[in-house]
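*Asks:* Input: one structure, supplied below.
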Amino acid sequence: MKLKKGVAVNAGVVIGSAFVLVKGRIGAQQRFLKTRTTEAAQKELDRFRKAVELAIGEAQEEAEKTRQEVATLKIAASLAEIFHFQVMMFEDINFLEFVRDKVETKYWSAEHAVQRFYSKQKKIFSQHKNESLRTRTQDLDAAEDKLMKHLVGETRSEFDGITEPVILVARDLTPSETSKLPKDKILGIATDFGGKTSHTAIIAVNRGIPAVVGLGNITADVQGGETLILDGGAGKVVIDPDNETLAKARDREKTFEGLRKVLDDERTLPAETLDGHAVRLYANIEFPSEIEEAIKEGALGIGLYRTEFLYDDTNTDPTEEQHIAAYKEAIERLQGRPLVIRTLDLGADKFSPDDLGYEKNPFLGCRSIRYCLYEKPDIFRRQLRAILRVSKLGNVKIMLPMISALEELREAKNVIQEVMGELRDENLPFNEDIEVGIMIEVPSAALCADLLAQECSFFSIGTNDLVQYALAVDRVNAKVAYLYQPTHPAIFRLLLRIIEAGRRKRIPVSICGEISGEPSFTLPLVGLGMRDLSMAPSSVPRIKHLVRSISAREASRIADTALTFQDAKRADDFLRQKAKEIFPELFG
Ligand code: PEP
Ligand code: MG
């Protein structure tokens, strides 16, 4: 028996047999053509072009599948980008010319030419001074493999050997592999590499597959066929467990199944604390097509609709009609439930339009409301026209992202007034009383929340950005991930200030950052008086369960204690412990 510890990604205990994903690279069978004639060279080039065509088709299909698969995630576009990179490589004129030249003049086999080209590219990339290009050598490997597979006529999938449900063990999973995962046959995922935000982790959460990543070298410890216990909440994998460990794990597995049933049974019940305080749970979405699932999970409506996803790879601005079509679809699917539409939050970690150009510090640059107000007012007005034009069809609110000062809010509201005037002139109906709220995700807004609260209808706290800006920690940089601490005393102080300002000015305050869906935060948030939380749809059932298991009075005591800690680690340990007492299954 061997115990391995890694990064806990998605809670759940599963027992199953290991399937190790072995990645054999395909090599060239022969370096030169058997007959060195012009005719043979042309035949070889035909074969090569056919393979390129097939590889492009495959990459495009994978991009599409990935988009659908990770539709609920901001990074869908960046994952799909890997496949676009492959297509770009396959269509690269230098590459096509290199192969043509070598086949025609030196009678190289297409495989040999492809390999030579890619090995040269990898050398260039690996020595590049730009770090992001240096890390692209893996993407080059993946592109080369894809093309080689079509050249040698390899049709077998990596997963063909899986006939029974297994625990998948791999170095890491590429987007290409995850797009082909046989959904019903994967009990759990264990990988050598990866962290909480790696794409394997995201896919696992999305599909509800228990997973542990960053295990170091589990692929060296497992050959395939061994019995594994994978505990996604504790971040542990046991290889070849003894009978006693196995029996305990079976109990835990059963508990989890029972829990799933409890969560299912609670779907239609209100999220109400033991002492009768209602907490309203909403969902964050990127596409209207996610709404049914969100409602099924128990969300009361949409607390954050991230409209940046109206942009696609074509980099063209959505037309007013495209905006309207998306919003109408969302309204229809919601059937009267609330819909908070956030205006475009482009740039930095989100889609960056080409005209934004290079910025040395994009998170502090011309992103989000700044881009809309000062760089591209036309785009902003177009979106506002569309939101207003559908505003009478449902329960629609406008939310402005990244507000950092009162003047900014005023300017945005002026634009809204101007657009309303335009619509009146055109006799186009809209809701004159539409609520306009703001996200509080910049420390300056948190500190001036009392001023802002006087001039907007609601606050929604965006802790994803608030933590990054308050602690000066890039939210997408793995190297400083250990410093990204939502339990930092500074964050609690900012939260208190925002909540207090909302209370005094009598405007609703909700939270739509990831901490809303984080079980260890439910107690302090409810304790601080938060009654509206918006989160990833899949988080709703477990947060509801927690809310239903606590009293607001007890939550308030826990929040008070959390506020006394002087460092993030202790506060985090304390809150995890408290949540674990109520919901042990989630923490292993
Ligand atoms: C946030 O910043 O907390 C937020 C919800 O917005 P996003 O994650 O889209 O930046
Ligand atoms: Mg944000």
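Positions 535 to 1122 (my numbering) are the ones given, in order, by the sequence shown. Glycine included, every Cβ here is placed at the ideal spot set by N, Cα and C.
#1: Does the separation of the CB atoms of residue 876 and residue 841 fall below 8 angstroms?
#2: Hey, how far is the Cα of residue 683 from the Cα of residue 589?
#3: Specify the secondary structure class of residue 745 as computed by DSSP and reduced to three states.
#4: Do residue 1116 and residue 1084 count as a contact pair if the criterion is CB distance below 8 angstroms?
#5: In whole angstroms, give me the CA-to-CA distance for residue 1075 and residue 797.
#6: Given a threshold of 16 other Cβ atoms within 10 Å of its Cβ, counted over all protein chains shown, does residue 1021 qualify as buried or as exposed?
#7: Anything with a beta carbon under 7 angstroms from a heavy atom of the ligand ATP counts; list them all in chain order.
#8: On the three-pair Cβ rule with 8 angstroms, is the stretch 538–550 touching the stretch 754–771?
#9: Quick check on the DSSP output: the alpha helix (DSSP H) that includes residue 825 runs from which residue to which?
#10: Would you decide whether residue 769 is buried or exposed? Buried here means 16 or more other CB atoms lie within 10 Å of its CB.
#11: Near residue 811, what residues of its chain come up, given a Cβ to Cβ distance below 6 angstroms and the 5 sequence neighbours on each side ignored?
#12: Under the criterion of a Cβ to heavy atom distance below 7 angstroms, does residue 982 qualify as lining the ligand PEP?
#13: Judging by CA-CA distance, which residue of 551, 621 and 640 is the nearest neighbour of residue 572?
#14: Does DSSP classify residue 761 as helix, strand or coil?
#15: Would residue 608 be called buried (16 or more neighbouring beta carbons within 10 Å of its own) or exposed?
#16: Do you know whose CA, among 973, 958 and 972, lies nearest residue 966's CA?
#17: Cβ of residue 1138 within 8 angstroms of Cβ of residue 744?
#18: Report back the beta-carbon spacing between residue 651 and residue 633 to the nearest angstrom; my notes put them in contact at under 8 angstroms.
#19: Just checking residue 588 against the ligand PEP - is the residue's beta carbon closer than 7 angstroms to any of the ligand's heavy atoms?
#20: Quick check on the burial criterion: 16 or more other C-beta atoms within 10 angstroms. Buried or exposed for residue 751?
#21: Run through DSSP, which three-state label would residue 812 get?
#22: Assuming contact is defined by CB atoms lying nearer than 8 angstroms, are residue 553 and residue 703 in contact in what I supplied?
#23: In chain order, what residues of the same chain lie with their CB nearer than 6 angstroms to the CB of residue 725, ignoring the 5 residues before and after it?
#24: Taking C-alpha atoms, which residue in 986, 1077 and 1060 lies nearest to residue 1089?
#25: Name, in chain order, the residues that DSSP records as bridge partners for residue 806.
#26: Could you check whether the Cβ of residue 838 sits closer than 7 angstroms to any heavy atom belonging to the ligand PEP?
#27: Do residue 805 and residue 1078 have their C-beta atoms closer together than 8 angstroms?
#28: Taking the C-alpha atoms as reference points, what is the distance between residue 739 and residue 864?
#29: Quick check: is any heavy atom of the ligand PEP less than 7 angstroms from the C-beta of residue 1047?
#30: Alpha carbons only, please: which of 790, 1073 and 924 is nearest the one belonging to residue 858?
#31: Can the beta-carbon of residue 871 be found less than 8 angstroms from the beta-carbon of residue 834?
#32: Taking residue 568 as the reference, give the member of 644, 593, 546 and 584 with the closest Cα.
#33: Can you tell me the Cα-Cα spacing of residue 1058 and residue 1120, whole angstroms?
#34: Less than 8 angstroms between the beta carbons of residue 1015 and residue 767, yes or no?
#35: Pick helix, strand or coil for residue 1106, following the three-state DSSP scheme.
#36: Taking residue 1007 as the reference, give the member of 897, 953, 915 and 697 with the closest Cα.
*Replies:* Let me lay it out:
#1: Residue numbering aside, residue 876 sits at position 342 when the sequence shown is read from its first letter. Residue numbering aside, residue 841 sits at position 307 when the sequence shown is read from its first letter. The answer is yes: Cβ separation under 8 angstroms.
#2: Position 149 of the sequence shown, counted from the start, is the residue given in the question as residue 683. Position 55 of the sequence shown, counted from the start, is the residue given in the question as residue 589. Between residue 683 and residue 589, the C-alpha separation is close to 9 angstroms.
#3: Counted from its first residue, the sequence shown places residue 745 at position 211. Three-state result, residue 745: strand.
#4: As a first step, residue 1084 is located in the sequence shown; it is residue number 550 there, counting from the start. As a first step, residue 1116 is located in the sequence shown; it is residue number 582 there, counting from the start. Cβ atoms of residue 1084 and residue 1116: closer than 8 angstroms.
#5: In the sequence shown, residue 1075 corresponds to position 541, counting from 1. In the sequence shown, residue 797 corresponds to position 263, counting from 1. For residue 1075 and residue 797, the distance between alpha carbons rounds to 6 angstroms.
#6: For the purposes of this step, residue 1021 is taken as residue 487 along the sequence shown, with counting starting at 1. By the neighbour-count rule (16 or more Cβ atoms within 10 Å), residue 1021 is buried.
#7: Annotation note on the ligand ATP: not contained in the displayed structure, which lists the ligand PEP and the ligand MG as its ligands.
#8: yes
#9: Walking along the sequence shown from the start, residue 825 turns up at place 291. Run containing residue 825: 825–831, per the alpha helix (DSSP H) assignment.
#10: As a working mapping, residue 769 is identified with position 235 in the sequence shown. Residue 769 is buried by the Cβ-count criterion.
#11: Residue numbering aside, residue 811 sits at position 277 when the sequence shown is read from its first letter. Result list for residue 811: 1086, in chain order.
#12: Taking the sequence shown and counting its residues from 1, the one referred to as residue 982 is at position 448. For the ligand PEP, not one heavy atom lies less than 7 angstroms from the Cβ of residue 982.
#13: Sequence index remark: in the sequence shown, residue 572 carries index 38 (1-based). Minimum Cα distance to residue 572 is reached at 640.
#14: Here residue 761 refers to the residue found at position 227 when the sequence shown is read from its first residue. Reduced to three states, the DSSP call for residue 761 is strand.
#15: By 1-based counting over the sequence shown, the position of residue 608 is 74. At residue 608 the pLDDT is 49, less than 50, meaning the model places this residue with poor confidence and gives no usable figure here.
#16: Along the sequence shown, one-based indexing puts residue 966 at 432. That would be 958, whose Cα lies nearest to the Cα of residue 966.
#17: What the structure shows of the chain is the stretch from 535 to 1122, and residue 1138 is not part of that stretch, so it cannot be assessed.
#18: Position 117 of the sequence shown, counting from 1, holds the residue named residue 651. Position 99 of the sequence shown, counting from 1, holds the residue named residue 633. Rounded, the Cβ-Cβ distance is 7 angstroms, consistent with contact.
#19: Locating residue 588 in the sequence shown gives position 54, counting from the first residue. No - the ligand PEP has no heavy atom lying nearer than 7 angstroms to the Cβ of residue 588.
#20: For the purposes of this step, residue 751 is taken as residue 217 along the sequence shown, with counting starting at 1. Under this definition residue 751 is an exposed residue.
#21: Your numbering for residue 812 matches position 278 in the sequence shown. In the structure shown, residue 812 sits in a strand (DSSP, three-state: E or B).
#22: Along the sequence shown, one-based indexing puts residue 553 at 19. Along the sequence shown, one-based indexing puts residue 703 at 169. Yes, the Cβ-Cβ distance between residue 553 and residue 703 is below 8 angstroms.
#23: Indexing the sequence shown from 1 puts residue 725 at position 191. The residues are 704, 706, 734 and 747.
#24: Counting from one through the sequence shown, the residue named residue 1089 turns up at place 555. Ranking 986, 1077 and 1060 by Cα distance to residue 1089 puts 1060 first.
#25: Taking the sequence shown and counting its residues from 1, one reaches residue 806 at position 272. Answer is 812, bridged to residue 806.
#26: Residue mapping note: residue 838 aligns to position 304 of the sequence shown, counting from 1. Yes; taking the cut-off as 7 angstroms, the Cβ of residue 838 has a heavy atom of the ligand PEP nearer than that.
#27: To locate residue 805, count along the sequence shown from 1; it is residue 271. To locate residue 1078, count along the sequence shown from 1; it is residue 544. Yes. Within cutoff.
#28: The count along the sequence shown starts at 1 and reaches residue 739 at position 205. The count along the sequence shown starts at 1 and reaches residue 864 at position 330. In a straight line, the C-alpha of residue 739 is about 24 angstroms away from that of residue 864.
#29: In the sequence shown, counting from the first residue as 1, residue 1047 sits at position 513. Answer for residue 1047: yes, Cβ within range of the ligand PEP.
#30: Position 324 of the sequence shown holds residue 858. It is 924 whose Cα lies nearest to the Cα of residue 858.
#31: In the sequence shown, the residue the question calls residue 871 occupies position 337. In the sequence shown, the residue the question calls residue 834 occupies position 300. In contact: residue 871 and residue 834 (Cβ atoms closer than 8 angstroms).
#32: For the purposes of this step, residue 568 is taken as residue 34 along the sequence shown, with counting starting at 1. For the residues 644, 593, 546 and 584, the minimum Cα distance to residue 568 belongs to 644.
#33: As a working mapping, residue 1058 is identified with position 524 in the sequence shown. As a working mapping, residue 1120 is identified with position 586 in the sequence shown. Spanning the two alpha carbons is a distance of roughly 17 angstroms.
#34: Position 481 of the sequence shown, counted from the first residue, corresponds to residue 1015. Position 233 of the sequence shown, counted from the first residue, corresponds to residue 767. It is not a contact, given that the beta carbons lie outside the stated cut-off.
#35: By 1-based counting over the sequence shown, the position of residue 1106 is 572. In the structure shown, residue 1106 sits in a helix (DSSP, three-state: H, G or I).
#36: Sequence index remark: in the sequence shown, residue 1007 carries index 473 (1-based). Nearest of 897, 953, 915 and 697 to residue 1007, Cα basis: 897.
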